[in-house]
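Trainee: Protein sequences, first through last, are from chains A and B. Under full-length UniProt numbering, the first residue of the first sequence is numbered 1, with each subsequent residue one higher. Under full-length UniProt numbering, the first residue of the second sequence is numbered 1, with each subsequent residue one higher.
Protein chains: 2
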Amino acid sequence: MSSIQYVLLSLLAREPLSGYDMKQQINGRISFFYKISNNQLYPTLSKLETEEYIRLQSHERESYRPAKKIYTITDKGLDSLKAWVISPSEPGAWDEFLLKQYSSWLVEPEVMIAQLVERRKEHEARLEEYTVKAASLRGQEERIEAGHPLFSSIGVIEMGILFERGYADWCDKMIGWLRENRI
Amino acid sequence: MSSIQYVLLSLLAREPLSGYDMKQQINGRISFFYKISNNQLYPTLSKLETEEYIRLQSHERESYRPAKKIYTITDKGLDSLKAWVISPSEPGAWDEFLLKQYSSWLVEPEVMIAQLVERRKEHEARLEEYTVKAASLRGQEERIEAGHPLFSSIGVIEMGILFERGYADWCDKMIGWLRENRI
DNA sequence: GTAAACATGTAAATTGTTACATGATTTT
DNA sequence: AAAATCATGTAACAATTTACATGTTTAC
Numbered sequence: 001m002s003s004i005q006y007v008l009l010s011l012l013a014r015e016p017l018s019g020y021d022m023k024q025q026i027n028g029r030i031s032f033f034y035k036i037s038n039n040q041l042y043p044t045l046s047k048l049e050t051e052e053y054i055r056l057q058s059h060e061r062e063s064y065r066p067a068k069k070i071y072t073i074t075d076k077g078l079d080s081l082k083a084w085v086i087s088p089s090e091p092g093a094w095d096e097f098l099l100k101q102y103s104s105w106l107v108e109p110e111v112m113i114a115q116l117v118e119r120r121k122e123h124e125a126r127l128e129e130y131t132v133k134a135a136s137l138r139g140q141e142e143r144i145e146a147g148h149p150l151f152s153s154i155g156v157i158e159m160g161i162l163f164e165r166g167y168a169d170w171c172d173k174m175i176g177w178l179r180e181n182r183i
Numbered sequence: 001m002s003s004i005q006y007v008l009l010s011l012l013a014r015e016p017l018s019g020y021d022m023k024q025q026i027n028g029r030i031s032f033f034y035k036i037s038n039n040q041l042y043p044t045l046s047k048l049e050t051e052e053y054i055r056l057q058s059h060e061r062e063s064y065r066p067a068k069k070i071y072t073i074t075d076k077g078l079d080s081l082k083a084w085v086i087s088p089s090e091p092g093a094w095d096e097f098l099l100k101q102y103s104s105w106l107v108e109p110e111v112m113i114a115q116l117v118e119r120r121k122e123h124e125a126r127l128e129e130y131t132v133k134a135a136s137l138r139g140q141e142e143r144i145e146a147g148h149p150l151f152s153s154i155g156v157i158e159m160g161i162l163f164e165r166g167y168a169d170w171c172d173k174m175i176g177w178l179r180e181n182r183i
C-alpha cells in the first residue's frame with residue numbers, strides 16, 4: 001500500500017482543504033522527498049471519500065467552471081491516520097518515517113520517542129558502515145585524482161555519510177524536543 | 001526513461017560483474033537513495049545486452065544450476081553512460097544527480113564543476129526558503145507543545161533544512177576536491 | 001534440519017509519470 | 001496577445017513492488 005492516502009489525511013487532519021490546496025502544500029513543503037501528480041491526487045480523493053475517510057465540506061462554485069471541492073477528515077479517517085503513524089516502518093524507509101512524523105502531534109509522545117530512538121540506531125549504524133567504507137576506499141591509493149573511479153566512489157559515499165549523520169542528528173533533536181514538550 | 005540502465009552501466013564501467021554482484025553493490029552502497037529488485041535487474045540486463053551496451057564476458061557454471069553470467073561494458077555502453085552523466089538533471093532530482101556523480105570520473109572535471117555550482121545554488125535557495133518558513137512557523141505561537149500541529153510541521157521542516165544544508169555542503173566539498181584534483 | 005546466501009529469472013498487481021482536456025482570470 | 005495561475009479530472013504508458021519458481025551450498 002502506498003503512502004499517498006495518508007499524506008492527504010495528514011494535511012486534512014490540520015485543516016479542511018481542496019485537492020488543489022493539498023498539491024500546493026506538498027510541492028511547497030515536502031517536495032524534497034515526496035511528490036504528487038494530478039493523476040494520483042484526484043482518484044485517491046474520490047476513493048477516500050467513498051470509503052468515508054474524508055467528507056466533502058463545501059463545493060464552492062465561483063464564476064468559472066471547476067468548483068473548488070473542500071474536504072474535511074472524518075473520525076474514521078483520523079483513526080486510520082493515527083494507526084498508520086504508530087505502525088512501524090521498514091528499516092531504510094526513511095521517507096515514509098518522515099511522512100509519519102508530520103502527523104506525530106496526533107499520538108502519544110512516548111510512542112514517537114521510542115520509534116525515533118530505534119531510527120537513530122539504524123542511521124548511526126549505517127553512518128559507521130559508510131565511514132569505514134570511505135576510509136578503506138581512501139586507503140587503496142595514496143593519491144586519488146579526479147579521473148580515478150575511486151574519486152567518484154568516495155564522493156558518493158561522502159554524501160551517504162552526510163545523509164546518515166543528518167538523519168541521526170535530526171532524530172536526536174526530535175527526541176529532545178519531545179522530552180521537553182516544546183520545540 | 002528511468003535511471004536503472006545507467007546505474008548498471010555505472011557499475012560495469014569499473015569492473016565486470018554479474019547481475020547478482022550488481023545487486024549486492026547497489027544494496028550495500030547506495031541503498032539510502034537507490035533500490036533495485038530482481039524483476040527490474042534481469043530484464044534490463046538482457047535489454048542492455050541485445051542493444052549492445054554490455055556484453056557477456058563469461059558464463060561460469062559451477063556445481064549447481066544458475067550459471068554466473070559476468071558482463072562487461074562495451075564502447076557503445078561507455079559512450080552512452082558519459083552522455084547521460086553530462087546531461088542536465090531536472091531541479092529537484094537530487095537522487096539522479098547523485099547517481100550521475102558516481103560516474104563523474106569518466107568526464108571532464110570542468111563540466112562536473114559547472115553542474116555542481118548550479119546544484120549548490122538550487123539547494124542553497126531551498127535552504128533559505130525552508131529557514132524562513134521554519135522561523136515563520138515558530139513565530140505563530142510562543143510555546144509549541146508536542147500535541148500541537150506546528151510541532152510536527154516544524155520538525156519536518158527542520159529535516160528539510162538539514163537535508164538542503166547537507167546537500168549544499170556536499171556540492172562545496174566536491175567542487176573543492178575537483179579543483180584540487182584529489183579527494 | 002532449518003535458514004540464509006548464492007544465482008537467475010517470470011507473472012501479476014500496483015504505483016507513478018506524462019500528456020491531455022476544459023475554461024475563466026490574472027499577470028507579463 | 002501570450003502565458004501563467006486557478007481547479008478538476010482522464011487516458012495511455014512506464015516503472016516498481018511483491019510474490020513466485022528453481023536448486024545448491026554453507027552456516028547455525
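Glycine included, each C-beta is placed from N, C-alpha and C at the ideal position. None of these values were measured; they are calculated from a predicted model.
Locate the alpha helix (DSSP H) running through T50 of chain A, then write down its first and last residues.
Mentor: Here the question's residue 50 of chain A lines up with position 50 in the first sequence. Counting along the chain, the alpha helix (DSSP H) containing T50 of chain A begins and ends at 38-50.
Trainee: Do the stretch 129-144 of chain A and the stretch 82-94 of chain B make contact, defined as three or more Cβ pairs closer than 8 Å?
Mentor: The stretch 129-144 of chain A is not in contact with the stretch 82-94 of chain B.
Trainee: My assumption, with CB atoms under 8 Å, is that H123 of chain B sits in contact with A67 of chain B. Please give the rounded CB distance.
Mentor: Stepping through the second sequence from its first residue, residue 123 of chain B is reached at position 123. Stepping through the second sequence from its first residue, residue 67 of chain B is reached at position 67. That pair is no contact at about 45 Å.
Trainee: Under 7 Å, Cβ to Cβ, is there at least one residue of chain B near A146 of chain A?
Mentor: Position 146 of the first sequence, counted from the first residue, corresponds to residue 146 of chain A. For A146 of chain A, the answer is yes, since a Cβ of chain B falls inside 7 Å of its Cβ.
Trainee: Can you give me the start and stop residues for the beta strand (DSSP E) that Y71 of chain B sits inside?
Mentor: Stepping through the second sequence from its first residue, residue 71 of chain B is reached at position 71. Its beta strand (DSSP E) spans residues 68-73.
Trainee: Can you name the start and end residues of the alpha helix (DSSP H) that A168 of chain A belongs to?
Mentor: The residue given as residue 168 of chain A occupies position 168 in the first sequence. Note, A168 of chain A: alpha helix (DSSP H), 149-180.
Trainee: Spatial neighbours of N181 of chain B within its chain, please: C-beta separation below 8 Å, excluding the five flanking residues on both sides.
Mentor: Counted from its first residue, the second sequence places residue 181 of chain B at position 181. Correct list, in chain order: P109.
Trainee: Return the Cβ separation of I152 of chain B and W105 of chain A in integer angstroms, given the expectation that the two are a contact with Cβ distance under 8 Å.
Mentor: Within the second sequence, the letter at position 152 stands for residue 152 of chain B. Within the first sequence, the letter at position 105 stands for residue 105 of chain A. Here residue 152 of chain B is Ser; the residue named in the question, Ile, does not match the sequence. Contact flag correct, Cβ pair sits at about 4 Å.
Trainee: For the stretch 112-119 of chain A against the stretch 145-165 of chain A, are there 3 or more C-beta pairs whose distance is under 8 Å?
Mentor: Flag = no, the stretch 112-119 of chain A and the stretch 145-165 of chain A do not touch.
Trainee: With a threshold of 7 Å between beta carbons, is G176 of chain A in contact with chain B?
Mentor: Residue mapping note: residue 176 of chain A aligns to position 176 of the first sequence, counting from 1. It does not: the Cβ of G176 of chain A has no partner Cβ on chain B nearer than 7 Å.
Trainee: Who are the neighbours of N181 of chain A on chain B, taking C-beta pairs under 8 Å?
Mentor: Within the first sequence, numbered from 1, the residue matching residue 181 of chain A stands at position 181. Those are E145, A146, listed as they occur along chain B.
Trainee: Please confirm whether V111 of chain B has its beta-carbon closer than 7 Å to some beta-carbon of chain A.
Mentor: Locating residue 111 of chain B in the second sequence gives position 111, where the first residue counts as 1. Cβ-Cβ to chain A under 7 Å: no for V111 of chain B.
Trainee: For E158 of chain A, return the contacting residues in chain B, with the cut-off set at a CB-CB distance below 7 Å.
Mentor: Here the question's residue 158 of chain A lines up with position 158 in the first sequence. Here the neighbours are W170, K173.
Trainee: Which residues does DSSP list as the beta-bridge partners of I54 of chain A?
Mentor: Along the first sequence, read from residue 1 onward, the residue named residue 54 of chain A stands at position 54. BP columns for I54 of chain A point to A:I73.
Trainee: At a CB-CB cut-off below 7 Å, which residues of chain B make contact with W84 of chain A?
Mentor: Residue mapping note: residue 84 of chain A aligns to position 84 of the first sequence, counting from 1. Here the premise fails: no neighbours, minimum Cβ distance about 14 Å.
Trainee: For the stretch 156-163 of chain A and the stretch 168-177 of chain B, state whether three or more C-beta atom pairs, one from each stretch, are separated by less than 8 Å.
Mentor: Cβ pair count under 8 Å is three or more, so yes.
Trainee: How far does the alpha helix (DSSP H) with K23 of chain B in it reach, from first residue to last?
Mentor: Locating residue 23 of chain B in the second sequence gives position 23, where the first residue counts as 1. First-last of the alpha helix (DSSP H) with K23 of chain B: 19-29.
Trainee: In chain order, what residues of the same chain have a beta carbon less than 7 Å from the beta carbon of Q140 of chain A, not counting five sequence neighbours either side?
Mentor: Stepping through the first sequence from its first residue, residue 140 of chain A is reached at position 140. Contacts found: L150.
Trainee: Tell me, to the nearest whole angstrom, how far the beta carbon of I183 of chain A is from that of I154 of chain B; I am working on the premise that it is less than 8 Å.
Mentor: Numbered from its first residue, the first sequence carries residue 183 of chain A at position 183. Numbered from its first residue, the second sequence carries residue 154 of chain B at position 154. So it is a contact: roughly 5 Å between Cβ atoms.
Trainee: I'd like to confirm something about L45 of chain B: is its beta-carbon nearer than 6 Å to some heavy atom of the ligand NAP, or not?
Mentor: Among the components modelled here there is no ligand, and therefore nothing to report on the ligand NAP.
Trainee: Taking C-beta pairs closer than 8 Å, name the residues in chain B that I30 of chain A reaches, listed in chain order.
Mentor: For this step, residue 30 of chain A is matched to residue 30 along the first sequence. Chain B residues near I30 of chain A: V156, G160.
Trainee: Which bits of chain B does P149 of chain A rub up against, with CB to CB less than 7 Å?
Mentor: Locating residue 149 of chain A in the first sequence gives position 149, counting from the first residue. Here the neighbours are R14, W105.
Trainee: Any beta carbon of chain B sitting closer than 7 Å to that of Q101 of chain A?
Mentor: As a first step, residue 101 of chain A is located in the first sequence; it is residue number 101 there, counting from the start. Chain B contact via Cβ: present.
Trainee: Taking the continuous alpha helix (DSSP H) assigned at E145 of chain A, which residues delimit it?
Mentor: Translated into positions along the first sequence, residue 145 of chain A becomes position 145. Segment: none, E145 of chain A is in no alpha helix (DSSP H) and carries neither H nor E.
Trainee: For M22 of chain B, count neighbouring Cβ atoms within 10 angstroms of its own Cβ and tell me buried if that reaches 16, exposed if not.
Mentor: In the second sequence, residue 22 of chain B corresponds to position 22, counting from 1. Answer is buried; the Cβ neighbour count reaches 16.
Trainee: Can you say whether G28 of chain A is buried or exposed, counting buried as having 16 or more other CB atoms within 10 angstroms of its CB?
Mentor: As a first step, residue 28 of chain A is located in the first sequence; it is residue number 28 there, counting from the start. Classification of G28 of chain A: exposed, given that the 10 Å Cβ count is below 16.
Trainee: Where V111 of chain B and R179 of chain B are concerned, what is the direct C-alpha to C-alpha distance, given to the nearest angstrom?
Mentor: Counting from one through the second sequence, the residue named residue 111 of chain B turns up at place 111. Counting from one through the second sequence, the residue named residue 179 of chain B turns up at place 179. Their Cα atoms are separated by approximately 12 Å.
Trainee: For K123 of chain B, list the residues DSSP reports as bridge partners.
Mentor: As a working mapping, residue 123 of chain B is identified with position 123 in the second sequence. The question names Lys, but residue 123 of chain B is His in the sequence shown. Bridge partners of H123 of chain B: none, in fact.
Trainee: Please list the terminal residues of the continuous alpha helix (DSSP H) segment that includes Y6 of chain A.
Mentor: On the first sequence, residue 6 of chain A is found 6 positions in, with the first residue counted as 1. 4-12 is the span of the alpha helix (DSSP H), which, as asked, contains Y6 of chain A.
Trainee: Is it the case that the Cβ atoms of G166 of chain B and G92 of chain A are separated by a distance below 7 Å?
Mentor: To locate residue 166 of chain B, count along the second sequence from 1; it is residue 166. To locate residue 92 of chain A, count along the first sequence from 1; it is residue 92. It is not a contact, given that the beta carbons lie outside the stated cut-off.
Trainee: Does F163 of chain A get closer than 7 Å to chain B when you measure Cβ to Cβ?
Mentor: Within the first sequence, residue 163 of chain A is the residue found at index 163, counting from 1. Yes - at least one Cβ of chain B is within 7 Å of the one on F163 of chain A.
Trainee: Just reading off the alpha helix (DSSP H) that L98 of chain B is part of, what are its end residues?
Mentor: Taking the first residue of the second sequence as 1, we reach residue 98 of chain B at position 98. Here the alpha helix (DSSP H) through L98 of chain B covers 94-101.
Trainee: How about Y71 of chain A and S10 of chain A: are their beta carbons less than 7 Å apart?
Mentor: As a first step, residue 71 of chain A is located in the first sequence; it is residue number 71 there, counting from the start. As a first step, residue 10 of chain A is located in the first sequence; it is residue number 10 there, counting from the start. No; because the gap between Cβ atoms is not below 7 Å, this pair is not in contact.
Trainee: For my contact list, Y34 of chain B and L137 of chain B are in at a C-beta cut-off of 8 Å; report their separation, rounded to the angstrom.
Mentor: One-based indexing of the second sequence puts residue 34 of chain B at position 34. One-based indexing of the second sequence puts residue 137 of chain B at position 137. So it is not a contact: roughly 32 Å between Cβ atoms.
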